[in-house]
Structures are given as C-alpha cells and as structure tokens.
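Taken in order, these protein sequences are the chains called A and B. Everything in the first sequence is counted per UniProt numbering, starting at 1 for the first residue and increasing by one. Everything in the second sequence is counted per UniProt numbering, starting at 1 for the first residue and increasing by one.
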Amino acid sequence: MEWDWNFVWEIMPTLIEGVKITILATLLGSVLAAMVGLAIALARRSPNKGLSRSVGFLAEFIRGTPLLVQLYFIFYVLPDIGILLPPLVAGVIGLGLHYGTYTAEVYRAGIDNVPRGQWEAAKACNLNARQTWTHIIMPQAIPPMIPALANYFIAMFKETPLLSAITVLELMNQAKSVANTYYRYVEPMTLVGAFFLAISLFSVVLLRWLERRYGRIEK
Amino acid sequence: MTQWSGYFGLILQGALVTIELTLMGSVLALIMAFLAGLGRLSRFFAIRALATTYIEFFRGTSIFVQLFWAYFVLPFVGISLTPLQAGVLALGLNVGAYAAEVVRGAIQSIGREQYEACTAVNLGRWQAMRHVILPQALLVMLPTFGNNAIELLKATAVVSLISLTDLTFQAQVVRSQTGNTLVPFTTILVIYFGLALIISWGVRSLERRMARGLDGVRV
Numbered sequence: 001m002e003w004d005w006n007f008v009w010e011i012m013p014t015l016i017e018g019v020k021i022t023i024l025a026t027l028l029g030s031v032l033a034a035m036v037g038l039a040i041a042l043a044r045r046s047p048n049k050g051l052s053r054s055v056g057f058l059a060e061f062i063r064g065t066p067l068l069v070q071l072y073f074i075f076y077v078l079p080d081i082g083i084l085l086p087p088l089v090a091g092v093i094g095l096g097l098h099y100g101t102y103t104a105e106v107y108r109a110g111i112d113n114v115p116r117g118q119w120e121a122a123k124a125c126n127l128n129a130r131q132t133w134t135h136i137i138m139p140q141a142i143p144p145m146i147p148a149l150a151n152y153f154i155a156m157f158k159e160t161p162l163l164s165a166i167t168v169l170e171l172m173n174q175a176k177s178v179a180n181t182y183y184r185y186v187e188p189m190t191l192v193g194a195f196f197l198a199i200s201l202f203s204v205v206l207l208r209w210l211e212r213r214y215g216r217i218e219k
Numbered sequence: 001m002t003q004w005s006g007y008f009g010l011i012l013q014g015a016l017v018t019i020e021l022t023l024m025g026s027v028l029a030l031i032m033a034f035l036a037g038l039g040r041l042s043r044f045f046a047i048r049a050l051a052t053t054y055i056e057f058f059r060g061t062s063i064f065v066q067l068f069w070a071y072f073v074l075p076f077v078g079i080s081l082t083p084l085q086a087g088v089l090a091l092g093l094n095v096g097a098y099a100a101e102v103v104r105g106a107i108q109s110i111g112r113e114q115y116e117a118c119t120a121v122n123l124g125r126w127q128a129m130r131h132v133i134l135p136q137a138l139l140v141m142l143p144t145f146g147n148n149a150i151e152l153l154k155a156t157a158v159v160s161l162i163s164l165t166d167l168t169f170q171a172q173v174v175r176s177q178t179g180n181t182l183v184p185f186t187t188i189l190v191i192y193f194g195l196a197l198i199i200s201w202g203v204r205s206l207e208r209r210m211a212r213g214l215d216g217v218r219v
C-alpha cells in the first residue's frame, strides 16, 4: 500500500470539517466539566451527609465506568424518557459529566491544600463565608489547580473520537467515512493519529509553561 | 414479554471477554511499563530516546485512534490482527505508556542514600535495582497501577467498535434485538463498576500485604 499525497490533499477539507467539531466538542466539554467538577466538589463538602454521600457515590460510579457506555446511555436511553438530544449535545454532556468527576478531585485537592490557618485567620478577621471563599481561599486554591485541570482537558480532547460512536461527525468519523468510501484506510487513520499527536505534543509544551507559571505557590 | 435470561447469558459472555481483555492488556501494559520506565532511566541515550518516543507517541494519541490504526491500517502493511489481538496490543501499549511514567517516577522517588548505601555494600547496578530499589519502588507504584488498571478496564469498551464481542458490544446486540435500552446499558454500567471495585480492592489488599513489616522503615 503506497502513501498517496494526492489522496491526502483530496480528503483534507473533509478532515478539517471534522477537526472543527472535535475542537468545539472539547471546548464545550471543558467548560461543562469545569462547572460539573466544581458542583461535585462543593456538594461533597456539604455538611448535609445525605447529599455529600450520594454525590460522592455517583461521582465514583461515573469515574469507574467507561465513557463510551455513558455516551450510549445518554444517546439511547434518554430518548425513551422523552429527552431527545442532538448527537453533539449528548456527546458534550457525556464528556462534561465524565471529566467533571475527575476535575472534582482537582478542586477538592486544591481546596484541601489551602492551610487550615488561612481559614482560621479569615474567621479571626470576621470575614463571612462568601468573603472567605472569594478573597482568601479561591485566590490561593485556583492557581495550583490550573495545570491539573488543563491536563484533564487535554485528556478529554484525546477521548473525543469516542463521539463518533454516537454519530457526531468529528474528525474520527469523517476519517472513517472517507476511508469507507475510497477503501483506503492508511492515509485517513494516519492523519487522524498525526493530528492528535501534533496537538498533544503542543499541549505538553503548554502544560510545562502552565506548571512553571502556576504550579507552585511561592514558598 | 422479553426473555431476559437468554440476553443475560449474552451479557455474561461479554463480561468474560472484557475480563480476558483486561487481564491480557494489563500483563502487556506491565511489561511495557517496566521496559519503557527503566529505559527512560538508562545510561544510554539511544535507549532513553526510544523509550521517550514510545511513551510520548502512545500518550499523545488516543486509544481509539491507536486501535483503529492497529486494526485497519496494519493489514495494509501485511500485518493482519484478529480483533482480540489488536485490542490487547492497543490497550497494553497505550496503558503501558502511562504506567511507564509511574515506574520512572517511583524509581526516582527512592532517596539518594539508598543508592549510596548500595555502592557502599558493593552492589552492581543490576543488583542494586533488583534487591534494593525496585522492592521499595514497587510499593510506591502499586496504587497508581491500580488506577491504570481501571483506566484499562474502561478503555476495553472501545474494542466493541472493532467488532469484538465484549460487554458493550453485547449490550448493543441486546438493544438492537429487544429495543430496550435502559436494561442492557444499566446492567453493563453496574458490571463495569463492579469490576472496577474488584480491581481497586485487589490492589489495596496487595498493597497492605507488601507493606507488611515496613512500618517504621518508610516514612
């Protein structure tokens, strides 16, 4: 099987269409995961034992089961109870929920890493709960979280090919469809691999920078 | 009324395939992890470069793309793999790359004084690694290996897309034959979660066993 550059240029526009959807899904998924993670982290800190336990178990469950099956669940089971979602929306919800359970751990660790003394000092200065969070805890907790969060968003980006299984026309699906049309797998599949590799090598550089910039609080 | 018992048998068969894949993939991942992890610490530049390339390549592209590449592209260069072989290969190499970093990190976490003590008692490089460094590093690796094994278990769902009859594939069969979506997908989610619990429980008890008698030695 020869590598055919003409074929590569011919399928490029189709693949680029797919790349756009892949990036869109990653961005939307990241935003959702950041919010879901925060919600889970806060719910797990809630003094209400029932709430924190059940959210904790649910997060544990989502983290212990495959994303692909969760996507199927959202895409195939929800319509039965009347919620019909377009594939991309279902995919973004799946990504956001799944990675939200991971980002929740990042938030938890970040918040736990703020020394007890800071909470006590905030109380001593007579700050209320909201002021403590916005002025004392968050500014110290968030910067060290950034590299870890970015790490999960990159991981999510690499999982987006799974969306092709629920008929989202992202990069992998476009590659599969051109491969099936022309019965040439080498170029489309290799290009998809090369594309993901290029983005993740680039993101490794970005991560290193983020780690240097935010990784450690000044000692 | 649907005959559920027959379908449940189908799902159990799928569970066996998933377990088989997880076990074989884990074995390959473990071998690759030690090869590449130790390779990254090698004295020779060529070996370090080879190990780094392997790790970056397999961590940089997603498991899904690697699987499709192994299954659809390799036949064109003359290597035909059965779905099971392609699945084990892709899962093992992918998770092995992540676990290799765990091996490297754990070995590097062992204090300098241990190496110096090895030199002092005149152990060779290999002897030091085998008798002093690895036994201590193994305990550091174990918890993360457990997480890697769970990631591998979750990744096995992807092989259903190259027609391997694992849990997810069988759930799809049941869905298409019965039209019911809730029961098959909920069942397999619970099974996946159960398997993940078994892995984390197994790793924890292994950890306890290996840590026995080490209290006071390790800080």
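Think of the CB as a built atom: it goes at the ideal place given N, C-alpha and C, for glycine as much as any other residue.
Tell me whether residue i sits in a helix, a strand or coil according to DSSP, three-state version.
i                      : result
A:L127                 : coil
B:L41                  : coil
A:E47                  : The residue asked about is misnamed: residue 47 of chain A is Pro in this sequence, not Glu. Reduced to three states, the DSSP call for A:P47 is coil.
A:R63                  : helix
B:R125                 : helix
A:W3                   : coil
A:Q70                  : helix
A:Y183                 : coil
A:L84                  : coil
A:E170                 : coil
B:I79                  : coil
residue 242 of chain B : Chain B is shown from 1 up to 219; residue 242 of chain B falls before or after that span and cannot be answered.
B:I110                 : coil
B:P143                 : helix
B:Q3                   : coil
B:R209                 : helix
A:S54                  : helix
B:G9                   : helix
A:V114                 : coil
Rounding to the nearest angstrom, what Cα-Cα distance links residue i and residue j in this structure?
i      : j      : result
A:K49  : A:N126 : 27 Å
B:R43  : B:Y115 : 15 Å
B:G14  : A:L78  : 24 Å
B:A211 : B:L41  : 25 Å
B:R125 : B:R209 : 27 Å
B:A51  : B:G37  : 7 Å
A:I111 : B:L91  : 34 Å
A:L210 : A:I146 : 7 Å
B:I63  : A:D4   : 25 Å
A:Y118 : A:A41  : In the sequence as presented, Tyr is not what sits at residue 118 of chain A; that position holds Gln. Spanning the two alpha carbons is a distance of roughly 19 Å.
B:R59  : B:A97  : 6 Å
A:M189 : A:K176 : 8 Å
A:K158 : B:L89  : 19 Å
B:V103 : B:L93  : 15 Å
B:Q108 : A:V204 : 21 Å
B:M1   : A:G82  : Reliability of the predicted coordinates at B:M1 is poor, the pLDDT of 49 falling under 50, and the value obtained from them is presented with this limitation in mind. Each residue's alpha carbon lies about 22 Å from the other.
A:P115 : B:T22  : 40 Å
A:E218 : B:A100 : Because A:E218 carries a pLDDT of 46, less than 50, the predicted location of this residue cannot be relied on, and the following value inherits that uncertainty. Going by the C-alpha atoms only, they are around 31 Å apart.
A:A34  : A:G96  : 8 Å
A:A124 : A:R130 : 15 Å
B:L195 : A:A121 : 45 Å
Excluding sequence positions up to five away, which residues of its chain have a Cβ less than 8 Å from the Cβ of residue i?
i     : result
A:F7  : Y182, R184, E187
A:P86 : none
Output, in chain order, the set of chain C residues within a Cβ distance shorter than 8 Å of residue i.
i     : result
B:E20 : Here the protein chains are A and B, and chain C is not one of them.
Can you give me the Cβ contacts of residue i inside the same chain, cut-off strictly under 7 Å, excluding the 5 residues immediately before and after it?
i      : result
B:T186 : none
B:L10  : Q170, V173, V174
A:F73  : none
A:L201 : none
A:L162 : L67, L68, L71
Under a CB-based cut-off of 8 Å, is residue i close to chain B?
i      : result
A:E10  : no
A:G29  : no
A:Y76  : yes
A:M35  : no
A:K158 : yes
A:S200 : yes
A:V19  : no
Any beta carbon from chain A within less than 8 Å of residue i's own beta carbon?
i      : result
B:I188 : yes
B:L161 : yes
B:T178 : no
B:T61  : yes
B:I55  : no
B:Y192 : yes
Excluding the 5 residues flanking residue i on each side, which residues of the same chain have their C-beta closer than 6 Å to its C-beta?
i     : result
A:G37 : G100, T103, A104, Y107
B:T18 : T156, D166, L167
Would you say the beta carbon of residue i comes nearer than 7 Å to a heavy atom of the ligand HEM?
i     : result
A:R53 : In terms of ligand content, the structure shown is empty, and the ligand HEM therefore cannot be addressed.
Exercise for the section: Please name the residues in the segment 103-121 of chain A whose beta-carbon is closer than 9 Å to at least one beta-carbon of chain B, in chain order. Expected result: Along the segment 103-121 of chain A, none of the residues has a CB nearer than 9 Å to a CB of chain B.
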